[in-house]
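The structure is reproduced here in structure tokens:
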């Protein structure tokens, strides 16, 4: 009858002996560092985030490899530690990224100087979507769509980091034979409205909008340039129920090639325009018998006839110019001095 306590004591001793045989953490002296369990072979079995003989090492986050040997055709950006652009601190499980890379797994390019406080830091996916509002983004499935980041500057700023103030732009007064951009919208409808987008921003246009009302609607779209609008036929509203009406939109201030205007009679599967359709044309496209025109005028700082002081946003006249510019020439905002 005295053997039972002895057996229990022996079992407890063996249990503690086995437990003690597993490694203790080098940082906290806990069995398997508190991040695993001791198996019957006296080895630590670590949880998913930890490794090492004592489970003291913490894995760093994985990200698509910026550079790596290809595993197969078109398979070279598989998940790796710190995206191969950083060094893992296994004690903390945190990546120390190479210069120019950020994110928990160093999976993103850093926007230079945080866009100098004068712009947004956006991914290629986000940037491409601003030029395709109302349709599928242009760059959303490529491996680096959410890894490459860049600055989208506010109006009045430019450069890769938005650090430079923009001087007024204009057409070079000494070049000739150039044309303003003219884009065309064509609408046939009996009711409803359509959506018009330009550079990622847009507005809703009722089918019975008049010419003056349409001009006012365009003015509400952020960063929409100054334009002259006219109807190509006898229609009094943007959409005609009988024949297609051509709306001519001439860019009279922002010169050079312009982003194409996009129009949609439905959005996200919901039809807004009834009894017809709406189209847009640019860069030589033809609608309702009218041909659109791609802008060929310059749109340069100081109209190519002065120097721009980017720091103070003032144009300094070109001292060595030998060609006189007519004094009647109007320079944008009065900041560029004629030579």
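In mature numbering (1 follows the signal peptide of the UniProt record, and there is no 0), the protein residues as written are -20 to -1, 1 to 319. Ideal Cβ placement from N, Cα and C applies to all residues, glycine included.
Between the CA atoms of residue j and residue i - distance to the nearest angstrom
i	j	result
residue 207	residue 48	50 Å
residue 198	residue 104	27 Å
residue 135	residue 36	51 Å
residue 288	residue 99	21 Å
residue 144	residue 14	53 Å
residue 173	residue 271	24 Å
residue 294	residue 237	In this prediction, residue 294 scores a pLDDT of 49, lower than 50, which makes its location untrustworthy; the coordinate-derived value is nonetheless stated afterwards. Those two C-alpha atoms are separated by around 25 Å.
residue 5	residue 21	18 Å
residue 72	residue 38	6 Å
residue 195	residue 217	12 Å
residue 246	residue 253	7 Å
residue 149	residue 219	35 Å
residue 139	residue 51	38 Å
residue 250	residue 215	27 Å
residue 120	residue 168	33 Å
Secondary structure of residue i, DSSP reduced to three states
i	result
residue -3	Unreliable placement is indicated for residue -3, whose pLDDT of 44 sits below 50; the coordinate value is still reported in the next sentence. Helix, per DSSP.
residue 93	helix
residue 194	helix
residue 199	helix
residue 225	strand
residue 247	strand
residue 157	coil
residue 40	coil
residue 106	helix
residue -20	At residue -20 the pLDDT is 42, less than 50, meaning the model places this residue with poor confidence; the figure from the coordinates comes in the next sentence. Here residue -20 sits in coil by DSSP.
residue 289	strand
residue 63	helix
residue 173	strand
residue 262	coil
residue 121	coil
Cβ distance (whole Å) where residue i is taken to contact residue j below 8 Å
i	j	result
residue 95	residue 131	4 Å
residue 151	residue 283	6 Å
residue 231	residue 205	5 Å
residue 161	residue 264	Incorrect: roughly 11 Å between the Cβ atoms, too far for contact.
residue 57	residue 45	5 Å
residue 110	residue 180	3 Å
Heavy atom of the ligand MG within 6 Å of residue i beta-carbon
i	result
residue 32	What this structure holds is no ligand at all, so the ligand MG is not there to describe.
Residue i vs residue j beta-carbon contact at 7 Å
i	j	result
residue 86	residue 68	no
residue 258	residue 273	no
residue 40	residue 75	yes
residue 201	residue 235	no
residue 34	residue 3	yes
residue 255	residue 156	no
residue 191	residue 212	no
residue 267	residue 184	no
Residue from the options with nearest C-alpha to residue i
i	options	result
residue 106	45, 126, 222, 154	126
residue 248	266, 175, 277	175
residue 203	217, 11, 241	241
residue 32	45, 11, 44	11
residue 64	88, 52, 53, 72	88
residue 82	221, 70, 139, 101	101
residue 281	219, 209, 137, 42	137
residue 80	129, 153, 97, 70	129
residue 290	142, 217, 252	142
residue 277	246, 163, 123, 154	154
residue 92	66, 133, 118	133
residue 225	239, 193, 260, 250	260
residue 262	210, 119, 239, 286	239
residue 66	122, 285, 42	42
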